[in-house]
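Visitor:
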Amino acid sequence: MINFETPPDRRLLAVALRHAFRRTLRLLVVCGFLLLLPATVDLLADRPVRVAGWVVAALVFWLSPRFVVRGAVENNWKTYGVPIAWQLSDEGLRMSTRLMESLLRWEALETVELIPGQLLFRVNRQQVVPVPIAGLSPHDRDALLGFLGGRGLLAGGEQAAGGATVTG
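Numbered as in the numbering used here, the sequence shown ends at 1407 without a single skipped number.
1. Indicate whether at least one CB of chain B lies closer than 8 Å to the CB of Ala1278.
2. Under a Cβ-count criterion, where at least 16 other Cβ atoms within 10 Å of its own Cβ denotes burial, should Glu1409 be classed as buried or exposed?
3. Using the C-alpha atoms, what's the distance from Leu1338 back to Val1351?
4. Pull up the DSSP beta-bridge partners for Glu1244, would you.
5. Going straight from the alpha carbon of Pro1355 to that of Asp1381, what length do you get?
6. Please classify Arg1344: does DSSP put it in a helix, a strand, or coil?
7. Between which two residues does the alpha helix (DSSP H) carrying Ser1303 extend?
8. Across which residues does DSSP place Val1452 in a beta bridge pair?
9. Helix, strand or coil for Arg1250? Go by DSSP, reduced to three states.
10. Using CA atoms only, rank isn't needed, just tell me which of Val1308, Val1288, Ala1394, Pro1277 is closest to Val1362.
11. Taking 8 Å as the limit between beta carbons, can you name the residues of its chain near Val1308, skipping five residues before and five after?
12. In chain order, what residues of the same chain have a beta carbon less than 6 Å from the beta carbon of Ser1341, not counting five sequence neighbours either side?
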């Protein structure tokens, strides 16, 4: 059983959510670029008002990832904006705060991803539980990664690498 506590960190939560939603956020940016195609056609056809409309729409798509992530952080801050006690055991991942307690069983997880200073416990493509590990000692990180690696949950080559790939 592994126990540790993490303080609230809005920046780390934003990084985790940006990583978790990166495909959707990239799609928004790509859509913005695609809107430049009809803008180009209208520019060549000398329709400046329509060009302005396409460019404004493209800007909305390009700026929307920032607002999507900011909104996601705000929506999750009530849960993650308090100190959290984490416990990893044979049962699963337990998250305890003064507001709630939850248990995510290992069978519910698809994978666990390492990102700088955090672990993302991925339930599905859009649902993750970010666990900050930046404050853990290298020994504690290695123990945590070994525990997860022993369960076959770490994504990619992190299982073989152990704690060497984690930066905090």
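We put the CB at the ideal spot given by N, CA and C, even for glycine. Please read all numbers here as calculations on a predicted model, not as lab measurements.
Guide: In this structure, then:
1. In the displayed structure, chain B is absent; only one protein chain is listed.
2. The displayed coordinates of the chain run from 1240 to 1407. Any statement about residue 1409 would go beyond what the structure contains.
3. In the sequence shown, counting from the first residue as 1, residue 1351 sits at position 112. In the sequence shown, counting from the first residue as 1, residue 1338 sits at position 99. About 25 Å.
4. Here the question's residue 1244 lines up with position 5 in the sequence shown. Partner(s): Ala1324.
5. As a working mapping, residue 1355 is identified with position 116 in the sequence shown. As a working mapping, residue 1381 is identified with position 142 in the sequence shown. Each residue's Cα considered, the two are about 15 Å apart.
6. Taking the sequence shown and counting its residues from 1, one reaches residue 1344 at position 105. Here Arg1344 sits in strand by DSSP.
7. The count along the sequence shown starts at 1 and reaches residue 1303 at position 64. Element bounds for Ser1303: 1287-1319.
8. Given that the chain is displayed from residue 1240 to residue 1407, the structure contains no residue 1452 and the question cannot be resolved.
9. In the sequence shown, residue 1250 corresponds to position 11, counting from 1. Helix at Arg1250.
10. Your numbering for residue 1362 matches position 123 in the sequence shown. Among Val1308, Val1288, Ala1394, Pro1277, the Cα nearest to that of Val1362 belongs to Ala1394.
11. As a working mapping, residue 1308 is identified with position 69 in the sequence shown. If we look at Val1308 and ignore the five residues flanking it on each side, its Cβ neighbours are Ala1253, Leu1256, Arg1257, Phe1260, Leu1264.
12. Here the question's residue 1341 lines up with position 102 in the sequence shown. Met1334, listed in sequence order.
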